[in-house]
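Residue numbers (the numbering used here): 199 to 1227.
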């Protein structure tokens, strides 16, 4: 979760009006439905779609992985080349044993494992017209211009959406042709605007006054929006009107058409925006090359993008001449590309020759971060083509990070420095040189958070070789465990990893990608409670910190630690299709500063399986429960009844998991409503009593993670189990909703009579809870498990039992499908919200969290904006480009970038971070990064007394201190009586703190107030850092 809006972004009108200032934080959401919250109802089209991805190097791999995780029905991989060692620095699907194998075939099985519901196939032949005709979308990533033109012509003529995504060195291009008549069903983000009506005047025009929202932001309509009315009493003529345009008067008032002849308004009503489909037309590639429509975030970027447009065409021409790409840093090759760009005459406006030279000089390079950005953008365009949600790119987009070549050191590189070494990093060496690669290997980094963004960051680090050499160290910490909802958007996790620590699983995954990476997994929160582990010395030894956090509080704390220890920080985050990266480089850039509180409807959600602390967390947990109980089991049962051999297509571990789920559903199959009620009671007991009791058995309230560090502290609230009571309204509402949904899934007639349900519940006797000894709730590193022979035996036995059970159910005939009804969560279904509210509030009661009422639960659960793989991949790529600059030790602030992207509009803005603010104190100017440092050793060789500190400030800076503090502990106060002042001055620094109950530390950060300060100096003075002996 993460970051803030950058001023000056040229968003579309609809995006701009609904953009919320404050932090962009990634949201958790149930995996199977996560894209539906971003892509709307069009996401249902994904399962029936077929997409071709041609070229399985870095960019193609990113596109394919995103499409598989998104649930595209059929993804076909095409590549005619064999994997080489250098591919493994940007193609994250390849293992060491895949070198020499066809890239598409080697990638197929890894991708298939990501999402068993997606059919992944490989094609190694030519792209014939007969072959292409079966796809809705075709993506070319490693094709010659001739092939692009041939395939593009065919796709345009056949109405197949056509995309070109290409990366070369530090630049990338994206092109879309969705045909002459492409219908966009819903062009904007989020739900249509809606507001409650307070009053409507009779007049021409009539004025609609809207009820103020909780946050006083008013309505979200814009001039020209079409609206309809419903539920209006009195002026009922409006309820049956066709959509009418509005004119915005202010935040609470709208003008509509003539209402002078309508009945007087009495009360009530909703005014709702109506989004009409839009038709868009696209030119074929052949024409678009000569007359490009290029998407830019600001007009100032257009000349640069036009120059890159010419540069990519010139590169195709060079490759046609020479049969190769330009050699890295080879001046003759670079100049030839420039000559070709001049001769093409295709660019509009003047050619920026410096841009073309920079592009050509490193065009032979392959960088994982650039592939991640361009591949993610391309994948989002594929999703637009299939779902018809959001406006597609019109028609070109160019991206570059050529500012990396202006870094001190990079400008001096020679052709020899960048020549191939036969290394997996040759594509990176081609851009930054061999010495830089060694420097990358020595880096010490901390990654905080191993969720959606964290997975992408770690994957990129493995590809880049960060901390993969002598002296390198990569620490990743995350308190969370892998949940079902993570599998659809977090690349490193599989179903077998559910309930295991994210950091441990992620570390093992990146080690498989790059065995040389030196990664350590922690399961700790970075916060005040863990300062003994993550103290000043820890942070000062780091070369950088990358945050992928999910709370504002955690992010603010991490920033404060980096600010104190002068450690660079890259803060990244997403919100649905939006994301950003903020760069904090001491002492060059402005600190990130306090983030705004998210507005109504944008909630900082994190799925903490065992440690929720807000009602948003419990609501998200309830959403995961809904999918895991009422959607996925039914889908698996139906597929098994239709094709009992389908588990053979799955990896063995996944097949066993799916068949166990099928077995549970078939053996628990209810005969009547009473069975559904009994099932709901058993499930209530399992979730709200037994699971909590087991957690407390494993981690008692007095448990410590390490000596002196309590387990239940900070963000971990110690829970308590609940006792079922059929007379408790919340307990009964849960049973009614869960039993109803269970009955619906099994096609049993439900009953809503509360008294009869209570009677059934009173007759149910459940066995007492018995804790499992040795059960591991994984919060420590575990060895990777492999499937034992017993597991394979269990799989065969289970398959045989289920086949027999299937025959019994269908009477020996072919199965009549579907046997069960998968239930997808709908925010407007009252039973669904009943379950979500009850499940969430019971979970909240477990952890002492205030509950939410029905309307609040519906509002929050219905507006969750999940993290999606395309945005997280793009954001992680942008962050890693800034890592390159930090590794160079860049001291030029103009080289760094803050990034803001909006994939719904295919916009990316990268601007230079602001300089650090300055202030005046004590007669001189200070930066926010400045601090006073002193070695607090007195004349006697012992720790300084307070008096000696006061004397040092007087002697060194001429300041007379009236108060000295460490946090809230007063070390000296001139306003005290003489006896107290004498005692304070005589005490050594740590004595005061020990008296206040604070642990002894090697370094203290002190604050002071000096004589003669004015009011403006209240919070503007450099801190004093005292190093104790």
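All C-beta atoms, glycine included, are put in the ideal place defined by N, C-alpha and C. The structure displayed is predicted, hence computed values, not measured ones.
- Judged by their CB atoms, residue 497 and residue 628 are not nearer to each other than the 7 angstroms cut-off.
- Taking 3 residues as the shortest admissible run, the region 611-650 contains the following complete beta strand (DSSP E) segments, listed from N- to C-terminal end: 642-646.
- In the DSSP assignment, residue 373 is bridged to 362, 594.
- Of all alpha-carbon atoms in 701, 320, 952, 540, the one lying nearest the alpha-carbon of residue 938 is that of 952.
- By the neighbour-count definition (other C-beta atoms within 10 Å, threshold 16), residue 730 is an exposed residue.
- Spatial neighbours of residue 644 in its own chain (CB-CB distance under 6 angstroms, excluding positions within 5 residues in sequence) are listed in chain order as 673, 740, 743.
- Under the 8 angstroms Cβ criterion, the region 363-383 counts as touching the region 476-487, having at least three qualifying pairs.
- In the DSSP assignment, residue 398 falls within the beta strand (DSSP E) that extends over 392-398.
- Within the region 1127-1171, the complete beta strand (DSSP E) runs of at least 3 residues fall at 1130-1133, 1159-1164, 1167-1171.
- Beta bridge pairing from DSSP links residue 872 with no other residue.
- As the crow flies, the alpha-carbon of residue 648 is around 9 angstroms from that of residue 747.
- The continuous stretches of alpha helix (DSSP H) do not include residue 489, and DSSP gives it neither H nor E.
- Separation of residue 671 and residue 728 (C-alpha to C-alpha, rounded to the nearest whole angstrom) is 20 angstroms.
- Here the C-alpha atom of residue 653 lies approximately 6 angstroms from the C-alpha atom of residue 689.
- C-alpha of residue 564 to C-alpha of residue 833: approximately 41 angstroms in a straight line.
- Under the DSSP assignment, residue 1039 falls in the alpha helix (DSSP H) whose first and last residues are 1028-1044.
- For residue 782, there is no enclosing alpha helix (DSSP H); the enclosing beta strand (DSSP E) covers residues 776-782.
- Excluding sequence positions up to five before and after residue 1039, its CB lies within less than 6 angstroms of the CB of 928, 1049, all in the same chain and listed in chain order.
- Taking 4 residues as the minimum length, the alpha helix (DSSP H) runs contained wholly in the region 259-320 are 301-312, in order along the chain.
- With fewer than 16 other Cβ atoms from the protein chains shown falling within 10 Å of its own Cβ, residue 307 counts as exposed.
- Selection 718, 615, 1202, 453 evaluated against residue 395 yields 453 as nearest (Cα-Cα).
- In its chain, beyond the 5 residues on either side, 1111, 1112, 1113, 1114, 1115 have a beta carbon closer than 7 angstroms to the beta carbon of residue 788.
- Looking at the DSSP output, residue 1124 bridges to 1117.
- Beta bridge pairing from DSSP links residue 476 with 382.
- Taking every protein chain shown into account, the CB of residue 1083 has 16 or more other CB atoms within 10 angstroms, so this residue is buried.
- If you draw a straight line from the Cα of residue 1036 to the Cα of residue 950, it comes to about 16 angstroms.
- The C-beta distance from residue 271 to residue 245 rounds to 5 angstroms, short enough to fall under 8 angstroms.
- Here the alpha carbon of residue 1079 sits roughly 17 angstroms from the alpha carbon of residue 772.
- Between the region 255-269 and the region 332-347 there are three or more C-beta pairs closer than 8 angstroms, enough to call the two in contact.
- Going by DSSP, residue 933 is part of no beta strand (DSSP E) but of the alpha helix (DSSP H) stretching over 927-943.
- Look at residue 337 here: in three-state DSSP terms it is strand.
- If only complete runs of 4 or more residues are kept, the region 666-695 shows no alpha helix (DSSP H) anywhere.
- Annotated three-state conformation of residue 908 is strand, per DSSP.
- For residue 427, the three-state secondary structure derived from DSSP is strand.
- Secondary structure note for residue 1100: its beta strand (DSSP E) is the uninterrupted segment 1096-1100.
- With a cutoff of 7 angstroms on beta-carbon distance, residue 780 and residue 790 are scored as near each other.
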